[in-house]
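Heads up, the sequence shown is in the UniProt record's numbering, so the first residue is 1 and it goes up one at a time.
Structure first, commentary second.
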Amino acid sequence: MEVREAREVLKLYFGYDQFRPGQEDIIANVLAKKDTVVLMPTGGGKSICYQVPGLVMPGLSVVVSPLIALMKDQVEALLGNGVNAGYLNSSQSTKEQQLIEQQCFDGRLKMLYVSPEKLLSAGFFSFLKRLQINLFAIDEAHCISAWGHDFRPEYLQLKNLKLQFPEVPVIALTATADKLTQRDILTQLYLQNPKVFSSSFDRPNIYLQVQPGQKRMEAILDFIEERPFQPGIIYCLSRKATETLATKLKEKGYNADYYHAGLSAKDRDRVQERFLQDNVQIMCATIAFGMGIDKSNVRWVIHYNLPKNLESYYQEIGRGGRDGAAAEALLFHSLADVMTLRDIITQGENSKEQALSLAKLDRMQQYAESTSCRRKTLMHYFGEEYPGNCGSCDICDNPPTSFNGTELAQKILSAVARTKETVASAQVVDILRGSRNQQSLSRGYDKLKTFGAGRDVPAQEWQRYIHQLINRGFLEVAYDEHGALKLNNASEEVLFKGRTVELVKFQAIDLKEEKERRS
Ligand code: ADP
Ligand code: ZN
């Protein structure tokens, strides 16, 4: 119930449709009023983990944050999203502080950011005692540990929160926590039976692979045959497809069933239960299946169709191998699916949502077409550094041959720079190819030095090279700007410091050859 509310809050205030890996479980734990420790890489989305439950629960959330500058940014962002937030710290005048305090008393404020100094200042706890506090969030929690590099002695006094407010849940968050720092966070804050969520998002036990979508039925039958009695899920885009697929599998003698939101609640429960109890081996399902299902021995997850974005994909394959034992994720990729998904998006969403959804679909497609380690691509998408390659994906097993693509990369990056980082990949390709379309002409792109600098390379190939640059972290995509490409440090190095780039020659996959190679 509350988790559904959390999803509504996520959408309403932050505009996101889905939680990122880990966020939902963390939020559920906080909403259950339990102490929580979150170890999540920078950019992973820690703020949502306390902001969303804080908004779901009645009362005021108090966020302890050590950096005054950051505090101000956070509060401004929240205000911009329609959340009544404020901060108290030493940089403010008495008058400003009184104004915020009054809002607390009035019950108007939902989220109060304070510096640790302010929190520990005389009289502040008695001020808090007069309010209805629903949550204490401690950001940059590693500051409590003398082992770390950011030790702040005031943080040690935060144990008083638990002593003075034993009934208020505490969530401590950090991006940097080795084992010792972790231990310090747990003990120094006096947390009570805290649950620790450590999300590197990586699920190293899941083998990742992508196959072309042609003849996927045959491929699925081969796949299942080689994995007798292993429980697995096949995700399909349409309800109809789940039924057809289940019927076909049953005809072949497999123990399969289907699940989608069109079934009655009773049937859904029954089917789900049978799968949980290992009475059904293969579940053909739409994305309606799996939310909150805890079945630990799912050995494989197949995506019959391309999912609409990497968040969904990662959530769905994450239902495999929860027991930590080896599991597999097989994704079928076809351009027809991309077109179908595009239609669904363009028909169903308003224009602002559309741009974002299309950009995300684009990234999903890029993943499917990736020529570098799939896990690296995924982790990069979720904002996590992944040094090296994983050794547990189809690309790592069969690395495609690469060539020195520095010059091609420079052309792409320089087109991005010359258009002031305002255009998306399709337009960049047009510029490189020298296409005199309306947009090129009206914006004067035909006058750019890079215009037509890549006529010798086909458009589709350019597109793949751009994808490769994105997947390897040489380019960023701004979803909120219609997928405009942006430069980063790595791209600057390629443009100005002679950094070289390896690219993979684009080759369409030949299904027959692929199959022979595998057998
Ligand atoms: P952290 O504090 O872990 O470094 P933030 O909380 O600042 O990360 O989040 C990083 C970025 O990810 C922000 O732009 C945030 O809006 C975005 N983000 C967080 N959760 C989600 C989500 N569920 N869906 C989409 N974007 C998200
Ligand atoms: Zn890999």
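C-beta: ideal position from N, C-alpha, C; glycine also.
Does the Cβ-Cβ distance between Val75 and Gly59 come in under 8 Å?
No, they are not a contact pair.
Using DSSP with H/G/I as helix, E/B as strand and the rest coil, what is Ile345?
Ile345: helix per DSSP, three-state reduction.
On the three-state DSSP scale, how would you describe Phe275?
If DSSP states are grouped into helix, strand and coil, Phe275 belongs with the helices.
Looking at the secondary structure, which residues open and close the beta strand (DSSP E) in which Met283 lies?
Start and end: 282-285.
Option in Gln366, Ser91, Ala478, Glu492 with minimal Cα separation from Ile466:
For the residues Gln366, Ser91, Ala478, Glu492, the minimum Cα distance to Ile466 belongs to Gln366.
List the DSSP bridge partners of Tyr113.
Val63, Tyr87, per the DSSP bridge assignment.
Ordered list of alpha helix (DSSP H) runs contained in the segment 405-468, each at least 4 residues:
DSSP runs (the alpha helix (DSSP H)) wholly in the segment 405-468: 406-418, 425-433, 438-442.
Is Gly44 near ligand 1, in the sense that its beta carbon is under 7 Å from a heavy atom of that ligand?
Yes, Cβ of Gly44 sits closer than 7 Å to a heavy atom of ligand 1.
Presumed contact (8 Å Cβ cut-off) between Val38 and Ile26, rounded CB distance:
Yes, they are in contact, since the Cβ atoms of Val38 and Ile26 sit about 6 Å apart, within 8 Å.
By the three-class DSSP mapping on this structure, what secondary structure does Asp106 have?
Judged by DSSP in its simplified three-state form, Asp106 adopts coil rather than helix or strand.
Tell me whether Ala172 sits in a helix, a strand or coil according to DSSP, three-state version.
Looking at Ala172 - three-state DSSP - the assignment turns out to be strand.
Give me the Cβ distance between Gly82 and Tyr13, rounded to the nearest whole Å; I'm assuming they're in contact under 8 Å.
About 6 Å separates the two Cβ atoms, so the contact holds.
Could you give the first and the last residue of the continuous beta strand (DSSP E) run that contains Asn134?
For Asn134, the enclosing beta strand (DSSP E) begins and ends at 133-138.
For Leu109, which residues of its own chain have a beta-carbon under 8 Å away from its beta-carbon, when the five flanking residues on both sides are left out?
Within the same chain, Leu109 has close Cβ partners Leu60, Asn84, Ala85, Gly86, Ile100, Gln103.
Below 7 Å CB to CB, which residues in the same chain sit around Leu55 once its five sequence neighbours on both sides are set aside?
In its chain, beyond the 5 residues on either side, Val9, Tyr13, Val83, Lys110 have a beta carbon closer than 7 Å to the beta carbon of Leu55.
Does the separation of the CB atoms of Gly485 and Val428 fall below 8 Å?
Note on residue identity: the sequence assigns Leu, not Gly, to residue 485. Contact annotation: Leu485 and Val428 have beta-carbon atoms nearer than 8 Å.
Option in Gln214, Leu495, Met57 with minimal Cα separation from Ala6
Of the listed residues, the one whose Cα sits closest to Ala6 is Met57.
Any heavy atom of ligand 2 nearer than 5 Å to the CB - residues listed:
These are the residues, in chain order, with a beta carbon less than 5 Å from any non-hydrogen atom of ligand 2: Cys373, Arg375, Asn389, Cys390, Cys393, Cys396.
Contact test: Tyr16 Cβ vs ligand 1 heavy atom, cutoff 7 Å
With a cut-off of 7 Å, the C-beta of Tyr16 is classified as near ligand 1, since at least one heavy atom of the ligand falls inside that distance.
Can you check DSSP and say which residues form a bridge with Ala359?
DSSP lists no partner for Ala359.
Name the DSSP beta bridge partners of Gly232, please?
Looking at the DSSP output, Gly232 shares a beta bridge with Ile282, Trp300.
Classify Glu226: buried if its beta carbon has 16 or more other beta carbons within 10 angstroms, exposed otherwise.
Glu226 sits exposed, since fewer than 16 C-beta atoms from the chains shown fall within 10 Å of its C-beta.
Looking at ligand 1, does it come within less than 7 Å of Phe19, judged from the CB to the closest heavy atom?
For Phe19, the shortest C-beta to heavy atom distance toward ligand 1 is below 7 Å.
For Val37, three-class secondary structure by DSSP
DSSP places Val37 within a strand segment (E or B) once states are collapsed to three.
Contact belief for Lys46 with Leu173 at Cβ below 8 Å, rounded distance in angstroms
The beta carbons of Lys46 and Leu173 sit about 5 Å from each other, so the pair counts as a contact at 8 Å.
Consider the C-beta atom of Ala409 and the heavy atoms of ligand 1; say whether any pair is separated by less than 7 Å.
Every heavy atom of ligand 1 is 7 Å or more from the Cβ of Ala409, so no.
Tell me, please, which residues DSSP counts as bridged to Pro212.
Pro212 is bridged by DSSP to His333.
Should Met40 be counted as a contact of ligand 1 given a C-beta to heavy atom distance under 7 Å?
Checking the Cβ of Met40 against ligand 1 gives yes.
For Arg322, which residues in the same chain have their Cβ closer than 6 Å to its Cβ, ignoring the five residues on either side in sequence?
Only Ser296 meet the Cβ criterion.
Closer than 7 Å to a non-hydrogen atom of ligand 1 - does that hold for the CB of Gln23?
Flag set: Cβ of Gln23 near ligand 1.
Give the DSSP bridge partners of Phe474, in chain order.
Note: Phe474 is not bridge-paired with any residue in the DSSP secondary-structure output.
Could you pull out every residue in the same chain whose Cβ sits closer than 6 Å to the Cβ of Arg20, ignoring the five residues on either side in sequence?
Cβ within range, chain order: Gly45.
Please name the residue, chosen from Asn309, Ile317, Lys505, that lies closest to Ala285 on a Cα-to-Cα basis.
The residue with the shortest Cα to Cα distance from Ala285 is Ile317.
Quick check: is any heavy atom of ligand 1 less than 7 Å from the C-beta of Ala175?
Yes - ligand 1 has a heavy atom lying nearer than 7 Å to the Cβ of Ala175.
Are Ser145 and Asp184 touching if we call contact CB-CB under 8 Å?
Closer than 8 Å, so yes.
Return the bridge partner residues of Ile206 from the DSSP annotation.
DSSP, once it has assigned bridges, lists Ala327 as partnering Ile206.
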